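Enquirer: Dropping a structure here in structure tokens format, bear with me for questions.
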Amino acid sequence: MSTKPTDVGAVDSPAPSSKQAALTDAEVQKIRSEFPCLQLHRHGKRLVYLDNAATTQKPRAVIEALSRYYEGQNANVHRGVHYLSALATELYESARKRIKEFLGAHLVCEIIFTRGATEGINLVAQTFGRQHVGPGDEILVSEMEHHSNIVPWQMLCEEKGANLRVIPINDRGELLMDQYEAMLTDRTRLVSIVHVSNALGTINPVRQIIQIAHGRGIPVLVDGAQSAPHMAINVAELGCDFFVCSGHKMMGPTGIGVLYGRAELLESMPPWHGGGDMILSVTFEKTIYNGIPQKFEAGTPHIEGVIGLGEAINYLQNLGMPRIQAYEAQLLDHGTRVLEAIDGLKIIGTAREKAGVLSFIMDHAHPHDIGQLLDEEGIAIRAGHHCAQPVMQRFQIPATARASLAFYNTREELDLLGEAILKVKKVFG
Amino acid sequence: MSEDTKKRTLYEQVILDHNKNPRNCRLMPNPSCTSEGFNPLCGDQFTVFLKIEDDKIVDVSFQGCGCAISKSSASIMTTVLKGKTKAEAEALFARFHDMVTSDPGETDPPGDLGKLEVFCGVREYPVRVKCATLAWHTMLAALEGKNNPVSTE
Numbered sequence: 027m028s029t030k031p032t033d034v035g036a037v038d039s040p041a042p043s044s045k046q047a048a049l050t051d052a053e054v055q056k057i058r059s060e061f062p063c064l065q066l067h068r069h070g071k072r073l074v075y076l077d078n079a080a081t082t083q084k085p086r087a088v089i090e091a092l093s094r095y096y097e098g099q100n101a102n103v104h105r106g107v108h109y110l111s112a113l114a115t116e117l118y119e120s121a122r123k124r125i126k127e128f129l130g131a132h133l134v135c136e137i138i139f140t141r142g143a144t145e146g147i148n149l150v151a152q153t154f155g156r157q158h159v160g161p162g163d164e165i166l167v168s169e170m171e172h173h174s175n176i177v178p179w180q181m182l183c184e185e186k187g188a189n190l191r192v193i194p195i196n197d198r199g200e201l202l203m204d205q206y207e208a209m210l211t212d213r214t215r216l217v218s219i220v221h222v223s224n225a226l227g228t229i230n231p232v233r234q235i236i237q238i239a240h241g242r243g244i245p246v247l248v249d250g251a252q253s254a255p256h257m258a259i260n261v262a263e264l265g266c267d268f269f270v271c272s273g274h275k276m277m278g279p280t281g282i283g284v285l286y287g288r289a290e291l292l293e294s295m296p297p298w299h300g301g302g303d304m305i306l307s308v309t310f311e312k313t314i315y316n317g318i319p320q321k322f323e324a325g326t327p328h329i330e331g332v333i334g335l336g337e338a339i340n341y342l343q344n345l346g347m348p349r350i351q352a353y354e355a356q357l358l359d360h361g362t363r364v365l366e367a368i369d370g371l372k373i374i375g376t377a378r379e380k381a382g383v384l385s386f387i388m389d390h391a392h393p394h395d396i397g398q399l400l401d402e403e404g405i406a407i408r409a410g411h412h413c414a415q416p417v418m419q420r421f422q423i424p425a426t427a428r429a430s431l432a433f434y435n436t437r438e439e440l441d442l443l444g445e446a447i448l449k450v451k452k453v454f455g
Numbered sequence: 014m015s016e017d018t019k020k021r022t023l024y025e026q027v028i029l030d031h032n033k034n035p036r037n038c039r040l041m042p043n044p045s046c047t048s049e050g051f052n053p054l055c056g057d058q059f060t061v062f063l064k065i066e067d068d069k070i071v072d073v074s075f076q077g078c079g080c081a082i083s084k085s086s087a088s089i090m091t092t093v094l095k096g097k098t099k100a101e102a103e104a105l106f107a108r109f110h111d112m113v114t115s116d117p118g119e120t121d122p123p124g125d126l127g128k129l130e131v132f133c134g135v136r137e138y139p140v141r142v143k144c145a146t147l148a149w150h151t152m153l154a155a156l157e158g159k160n161n162p163v164s165t166e
């Protein structure tokens, strides 16, 4: 595969914040001591955790917030008149406010709690999608989407007789922006695009993508599962209509995520799940739905998850997202150099604007075997298709080995990765 | 069984050899039956071809790609199946399966599996059982004439 001259890949303009000073090595050492799982050992070696795109480790502050909740704050939220219920409600709703600030939303009611980014996309597909997409209409995604931003739209398209269209990428793993523009038609009802690719690390120019779509009156959903943990997000500034992210990829608990939606859109959308909390009044003849965000939060929510996520966001904000991003960029540079120096190793995903993902293949070792042997060295990476099989098909490979970074990783850990890969080479020749 | 044999490493030299130079890795022009197997977790994919005469496997081959464990298991499988009846092939897989899923802490692995014993180390790595058994599941599906692709999930 060669890069054709017309192959004008997208490059995200660097955020103004990227000039901020990176976290220092001393700060990172202190941070590491605050993560219990980073103190683990495997085969007598200190765990090197490089599977952060799958899930991040949790700081003690988050773990303690969860036990604090169950030991002294546990009650169901909303409508309770007793002390504990009022306290739990206050904690739950103040986490929502914190997340609103973190994502730069205009209004608190634009923040809806979900189980994760996947559920956020499904919610939009099943409400906004079913409302606006009809036979012959089109939904636009990219070739680098995670399955969670493909399958919900395929299900919707099948139901409605609509078409899923796919923006191609170049050999570096960058979106072909001229093709994107050409693919927008008067049948396009939504552009649903990943912000940072979990398999390639590509940072997509979402600001530009949104501007172009909005120029034609087409709304845009941004899948921020891999961006929200690694860079400052401002949904109002980006102008996106929907934004989804997952708590467990940003130092928070599993089973909790966020859907941001513009209030005007959320208000016009039908509810998804029915049940308690999402109603104002119920009779057998007629139910009146609650306003947003409650309209989309049926049933007792994941209260401790929300509180834990609020604490995780507090932790991230104290470090400062621009400083996290700057440090992770240094780590990525270092890791890229380490891997590039290994003969017979090829990095998959070489976008000019890239986040801390190092996907690679080796001449004689299958990714699964690489992962296995690295585990013997105490290094945790992931091997497989990373829930992005179309990306693997694009690069004509069955799988990659993937080291993915977080702000608690160090250059020394990436050096250990390099040394361990040399051992893999020795075994497989 | 000695302590040493019990603590076999996963990547035995024989396994690495079959991974590098797989045996019977070829398309079979007119197979009696064939089947395709997938391991969606890691993207392994194999097709197994069988030629059967008078209820006996007279030829067996495979094609596809996968990790060292799955590929060498497919390769070694093809070297032990020739001349076996369907019932013998099934019985052999049952014993192979018992070996790779036996409890590493409790029991000695079942012996007398000949060449297949190099996969004994797999029982220490439950995640890799699917890799070691993919070709076998695919072979059995072909014998049973199932048309649906086999999946380890």
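From first to last, the protein sequence lines are chains A and C. When we follow the numbering used here, the leftmost residue of the first sequence carries the number 27, and every step to the right adds one. When we follow the numbering used here, the leftmost residue of the second sequence carries the number 14, and every step to the right adds one. Ideal placement from N, C-alpha and C gives every residue a C-beta, glycine not left out. Bear in mind the structure is a predicted one, so any value in this text is a computation, not a measurement.
Kindly list, in the order they appear in chain A, the residues whose Cβ is closer than 9 angstroms to that of LEU29 of chain C.
Expert: Under the 9 angstroms cutoff, chain A gives VAL453, PHE454, GLY455.
Enquirer: Over what stretch of residues does the alpha helix (DSSP H) that includes CYS46 of chain C continue unbroken?
Expert: CYS46 of chain C -> not in any alpha helix (DSSP H); beta strand (DSSP E) instead, spanning 46-52.
Enquirer: Taking the beta carbon of ARG428 of chain A as the centre, do at least 16 other beta carbons fall within 10 Å, making it buried, or is it exposed?
Expert: Per the 10 Å Cβ criterion, buried.
Enquirer: Could you tell me the distance, in whole angstroms, from the CA atom of GLU90 of chain A to the CA atom of ASN78 of chain A?
Expert: Taking the straight line from one Cα to the other gives about 21 angstroms.
Enquirer: May I ask you to list, following chain order, the residues of the region 134-159 of chain C that have a beta carbon less than 8 angstroms from some beta carbon of chain A?
Expert: Flagged, chain order: TYR138, ARG141, CYS144.
Enquirer: Determine which residues share a DSSP beta bridge with MET388 of chain A and list them.
Expert: Beta-bridge pairing links MET388 of chain A to A:LEU371.
Enquirer: Run through chain A and tell me which residues come within less than 7 angstroms of CYS80 of chain C, C-beta to C-beta.
Expert: Correct list: HIS392, HIS394, ASP395.
Enquirer: Measure the C-alpha to C-alpha separation of CYS176 of chain C and GLY79 of chain C and round it to an integer number of angstroms.
Expert: Lying before the first or after the last residue shown, residue 176 of chain C is absent from chain C, which here runs from 14 to 166.
Enquirer: By the three-class DSSP mapping on this structure, what secondary structure does ASP111 of chain C have?
Expert: If DSSP states are grouped into helix, strand and coil, ASP111 of chain C belongs with the helices.
Enquirer: Could you work out which residues of chain C lie near TYR301 of chain A, taking near to mean beta carbons separated by less than 7 angstroms?
Expert: Reading off the sequence, residue 301 of chain A comes out as Gly, not Tyr. By Cβ distance, chain C contributes nothing, its closest Cβ being about 32 angstroms from GLY301 of chain A, past 7 angstroms.
Enquirer: Ends of the beta strand (DSSP E) at GLU66 of chain C?
Expert: Unbroken beta strand (DSSP E) run through GLU66 of chain C: 57-66.
Enquirer: Tell me, please, whether the CB atom of PRO424 of chain A is closer than 8 angstroms to any CB atom in chain C?
Expert: Yes, PRO424 of chain A lies at the interface with chain C (some Cβ there is under 8 angstroms from its Cβ).
Enquirer: Can you tell me which of the three DSSP states CYS271 of chain A falls into?
Expert: If DSSP states are grouped into helix, strand and coil, CYS271 of chain A belongs with the strands.
Enquirer: What's the C-alpha gap between LEU458 of chain A and VAL332 of chain A?
Expert: Any answer about residue 458 of chain A is impossible in this case: the structure gives chain A only from 27 up to 455.
Enquirer: Looking at chain C, which residues of the region 395-409 of chain A have a Cβ within less than 8 angstroms of any of its Cβ atoms?
Expert: If the cut-off is 8 angstroms between Cβ atoms, the region 395-409 of chain A has ASP395, GLN398, LEU399, ALA409 near chain C.
Enquirer: Taking 8 angstroms as the cut-off, decide whether the C-beta atoms of PRO327 of chain A and THR153 of chain A are in contact.
Expert: Not a contact, by the Cβ cut-off of 8 angstroms.
Enquirer: Could you give the distance in angstroms between the alpha-carbon of THR92 of chain C and the alpha-carbon of ILE28 of chain C?
Expert: The alpha-carbon atoms of THR92 of chain C and ILE28 of chain C are separated by roughly 13 angstroms.
Enquirer: I want to see whether chain A comes within less than 8 angstroms of GLY56 of chain C, judged by CB atoms only; does it?
Expert: Judged by the 8 angstroms Cβ criterion, GLY56 of chain C is in contact with chain A.
Enquirer: Could you please give the first and the last residue of the uninterrupted beta strand (DSSP E) stretch that includes GLU164 of chain A?
Expert: Counting along the chain, the beta strand (DSSP E) containing GLU164 of chain A begins and ends at 164-168.
Enquirer: Going by Cα to Cα distance, which pick from A:ASN196, A:GLY146, A:LEU133 is closest to TRP179 of chain A?
Expert: Answer by Cα proximity: A:GLY146.
Enquirer: Excluding the 5 residues flanking ILE236 of chain A on each side, which residues of the same chain have their C-beta closer than 7 angstroms to its C-beta?
Expert: Within the same chain, ILE236 of chain A has close Cβ partners VAL246, LEU264, GLY265, CYS266.
Enquirer: Apply the 10 Å Cβ neighbour rule to PRO319 of chain A and answer buried if 16 or more other Cβ atoms are within range, or exposed otherwise.
Expert: Its Cβ being crowded by 16 or more others within 10 Å, PRO319 of chain A is buried.
Enquirer: Taking 8 angstroms as the cut-off, decide whether the C-beta atoms of LYS372 of chain A and ILE396 of chain A are in contact.
Expert: Their beta carbons are not under 8 angstroms apart, which means LYS372 of chain A does not touch ILE396 of chain A by this criterion.
Enquirer: How long is the line joining the alpha carbons of GLU439 of chain A and ARG141 of chain A, rounded to whole angstroms?
Expert: In a straight line, the C-alpha of GLU439 of chain A is about 32 angstroms away from that of ARG141 of chain A.
Enquirer: Would you please verify whether the beta carbon of MET418 of chain A is less than 8 angstroms from any beta carbon of chain C?
Expert: Yes, its Cβ sits closer than 8 angstroms to a Cβ of chain C.
Enquirer: Given a threshold of 16 other Cβ atoms within 10 Å of its Cβ, counted over all protein chains shown, does ASP163 of chain A qualify as buried or as exposed?
Expert: Flag for ASP163 of chain A reads buried.
Enquirer: In the DSSP output, what is ASN189 of chain A paired with across the bridge?
Expert: Paired residue(s): A:GLU164.
Enquirer: Is HIS458 of chain A close to chain C? Criterion is C-beta to C-beta, closer than 8 angstroms.
Expert: The structure shown does not extend to residue 458 of chain A, since chain A is modelled only from 27 through 455, so no value can be given for it.
Enquirer: Rank C:ALA155, C:PHE106, C:CYS144, C:ARG141 by C-alpha distance to the C-alpha of LYS128 of chain C and give the top, closest one.
Expert: Ranking the options by Cα distance to LYS128 of chain C, first place goes to C:PHE106.
Enquirer: With three or more C-beta pairs closer than 8 angstroms as the rule, is the region 402-420 of chain A touching the region 101-121 of chain C?
Expert: Output reads no: the region 402-420 of chain A does not touch the region 101-121 of chain C.
Enquirer: Relative to the C-alpha of GLU25 of chain C, which candidate in C:LEU156, C:SER86, C:GLY96 has its C-alpha closest?
Expert: GLU25 of chain C has its Cα closest to that of C:SER86, out of C:LEU156, C:SER86, C:GLY96.
Enquirer: Could you pull out every residue in the same chain whose Cβ sits closer than 8 angstroms to the Cβ of GLY302 of chain A, ignoring the five residues on either side in sequence?
Expert: Only ALA324, GLY325, THR326 meet the Cβ criterion.
Enquirer: Going by C-alpha distance, which of A:PHE268, A:ASN224, A:ALA254 is nearest SER218 of chain A?
Expert: Selected option, being the one with the closest Cα: A:PHE268.
Enquirer: If the cut-off is 7 angstroms on Cβ atoms, which residues from the region 98-117 of chain C count as contacting chain A, listed in chain order?
Expert: Taking 7 angstroms as the Cβ-Cβ cut-off against chain A, none of the residues of the region 98-117 of chain C qualify.
Enquirer: Please list the partners that LEU23 of chain C has in chain A, where partner means a Cβ-to-Cβ separation under 8 angstroms.
Expert: In chain order: GLN398.
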